[in-house]
Amino acid sequence: MKKKLGIGLIVIGLLIGLFFMLNKKEEDDKKIVIWAYDNVANIAEKAVEIYKKENKDLDYEFEVVKIGQEDMVEKIKVYLSTNSLNNLPDVFYDEDYNFLEFIKYYENNFVDLTEYVNLEDYAIFKRINVTYNDKTYAIPFDCGVGVMFYRVDLIKKAGYEEKDMENLTWNQFIEIGKKVKKETGIDMITVLPEGDMEGRLLYQSAGTWFFDENGKANIENNQAFIDSFNTIKRVLDSGIVYKTTSWDDIISSISNEKIVSLVGGSWWSPIIESYKEQSGKWRVTTMPRMSESNDYSNYSNLGGGNWFVINKSNKEIAIDFAVSTFGKSQELIDYSAETFAIVPVNLNLIKNLTVNDNDFFGGEKIAKKMAEYSEYIKPVKYGLHTYEITYYVGTVFQEYLDDKLSFEDAIKKMQKEAEKVSME
Numbered sequence: 156m157k158k159k160l161g162i163g164l165i166v167i168g169l170l171i172g173l174f175f176m177l178n179k180k181e182e183d184d185k186k187i188v189i190w191a192y193d194n195v196a197n198i199a200e201k202a203v204e205i206y207k208k209e210n211k212d213l214d215y216e217f218e219v220v221k222i223g224q225e226d227m228v229e230k231i232k233v234y235l236s237t238n239s240l241n242n243l244p245d246v247f248y249d250e251d252y253n254f255l256e257f258i259k260y261y262e263n264n265f266v267d268l269t270e271y272v273n274l275e276d277y278a279i280f281k282r283i284n285v286t287y288n289d290k291t292y293a294i295p296f297d298c299g300v301g302v303m304f305y306r307v308d309l310i311k312k313a314g315y316e317e318k319d320m321e322n323l324t325w326n327q328f329i330e331i332g333k334k335v336k337k338e339t340g341i342d343m344i345t346v347l348p349e350g351d352m353e354g355r356l357l358y359q360s361a362g363t364w365f366f367d368e369n370g371k372a373n374i375e376n377n378q379a380f381i382d383s384f385n386t387i388k389r390v391l392d393s394g395i396v397y398k399t400t401s402w403d404d405i406i407s408s409i410s411n412e413k414i415v416s417l418v419g420g421s422w423w424s425p426i427i428e429s430y431k432e433q434s435g436k437w438r439v440t441t442m443p444r445m446s447e448s449n450d451y452s453n454y455s456n457l458g459g460g461n462w463f464v465i466n467k468s469n470k471e472i473a474i475d476f477a478v479s480t481f482g483k484s485q486e487l488i489d490y491s492a493e494t495f496a497i498v499p500v501n502l503n504l505i506k507n508l509t510v511n512d513n514d515f516f517g518g519e520k521i522a523k524k525m526a527e528y529s530e531y532i533k534p535v536k537y538g539l540h541t542y543e544i545t546y547y548v549g550t551v552f553q554e555y556l557d558d559k560l561s562f563e564d565a566i567k568k569m570q571k572e573a574e575k576v577s578m579e
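Quick note: to get my numbering, add 155 to the position in the sequence shown (first position is 1).
Below you can see the structure in the form of structure tokens.
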């Protein structure tokens with residue numbers, strides 16, 4: 156009798172456990188998990204709020220996980236490589252540079268969004284970096300349009316006005332920098348060659364990249380690359396550069412008012428704006444362009460990303476959520492631009508973008524201004540291993556600047572590494 160009772164209790168226990176497991180599985184089946192980093196995680200929270208408001212009867216839970224980008228990318232690659240889809244989010248955001256790292260090797264684990272995303276709504280430079288095998292695998296969201304932030308109060312001390320800072324060449328920029336430094340004693344710009352941020356801005360402004368559209372190394376015998384390096388060298392030799400060796404140095408140069416301008420991605424704007432005591436002194440305009448060719452432009456990109464949907468059981472809800480918010484919501488993009496200076500890339504959303512005047516930047520609607528610049532960015536296909544090659548190029552370029560390599564040897568060394576990387 157006791158034996159039968161014991162068996163009965165075990166069976167009851169197993170049934171209870173099974174009930175809770177099934178209940179937990181049902182709960183998990185009705186949860187959409189979203190991974191994102193930095194301010195984009197806050198934007199994802201807003202997207203959930205908007206989606207719930209528009210779908211009040213939807214019986215789904217949404218969870219936004221804010222995670223560091225490097226940690227997120229590492230986790231995603233590990234889970235993809237081990238086919239552990241249950242450990243992956245339903246939706247995640249990551250930058251353009253990593254698109255092909257995911258899709259080339261794990262295409263079947265991502266939802267084909269071709270029928271949900273109208274690429275005609277986006278500038279070409281975004282289109283080509285969300286497609287693979289003629290299919291669309293991500294929703295373009297934002298960009299880091301290259302711009303020049305500058306101190307209007309300081310350039311005025313040298314007799315310049317805002318109109319004098321528009322549509323500059325790098326040679327004109329250098330001449331202005333010399334005069335401003337003479338009058339104020341303040342360096343015009345900071346440059347950090349090893350990070351290759353300035354380099355990436357210049358390459359794309361000329362319509363070129365480390366690899367060509369077929370993924371082959373594209374540095375040696377590439378005049379646009381040579382012009383980019385020579386331009387940076389000319390700026391460094393001009394006597395108008397505030398020396399920095401790290402990201403923290405750049406931040407410090409802004410906070411301590413050691414520079415007149417900063418050329419970089421649009422995402423610098425909230426960082427600059429955090430120094431409230433400098434309100435009203437900053438302006439934004441197009442970045443300078445190289446003048447060696449009429450094909451070079453004042454427009455480029457450094458950052459920005461897209462939303463991916465993993466091919467999981469909840470994909471239909473995940474698709475509807477991601478497309479209706481990140482892809483189409485004017486309310487969400489207005490919030491993103493106003494709150495975080497996110498630069499949208501959907502041409503329809505740019506056209507109807509509503510943001511307030513920004514007193515910090517002289518009352519301009521800078522998010523809208525930068526978004527309008529983005530329409531002129533030249534398309535380049537980022538391909539694979541962008542960070543691996545860009546940091547290598549930056550390091551080798553610094554060796555050239557330190558007279559450890561000739562220019563020709565530096566270029567050859569970069570090309571050789573790019574060829575090696577392209578074979579991985």
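Here a beta-carbon is modelled for each residue, glycine too, at the ideal position from N, C-alpha and C.
Per the Cβ contact rule, the segment 504 to 522 is in contact with the segment 435 to 447 (3 or more Cβ pairs under 8 Å). For V233, the enclosing alpha helix (DSSP H) starts and ends at 224 to 236. Counted as a single uninterrupted DSSP element, the alpha helix (DSSP H) harbouring G354 occupies residues 352 to 360. In this structure, the CA atom of I414 is about 13 Å from the CA atom of G394. Taken atom to atom, the span from the alpha-carbon of E563 to that of D308 is near 41 Å.
Under the criterion of beta carbons closer than 8 Å, V551 and M569 qualify as touching, at roughly 5 Å. When secondary structure is reduced to three states using DSSP, G482 falls in the helix class. Listed as beta-bridge partners of F516 by DSSP are no residues whatsoever.
Pairing V195 with S484, the inter-Cα distance amounts to about 15 Å. Assignment of beta-bridge partners to K336 by DSSP yields no partner. With a minimum length of 3 residues, the unbroken runs of beta strand (DSSP E) contained wholly in the segment 431 to 471 fall at 437 to 441, 460 to 464. A Cβ-Cβ contact shorter than 8 Å links L391 with V346. Shown here, V346 sits in a strand according to DSSP, grouped into three states. When rounded, the separation of the alpha-carbon atoms in A477 and N326 is 44 Å. Measuring C-alpha to C-alpha distances from F296 to each of K467, D249, N210 identifies D249 as the nearest.
If you check the CB distance, T399 and V302 do not come in under 8 Å. The Cβ atoms of N466 and F217 lie no closer than 8 Å to each other. The three-state secondary structure of D392, taken from DSSP, is coil. Looking at the backbone, the Cα of E229 and that of G459 are separated by about 19 Å.
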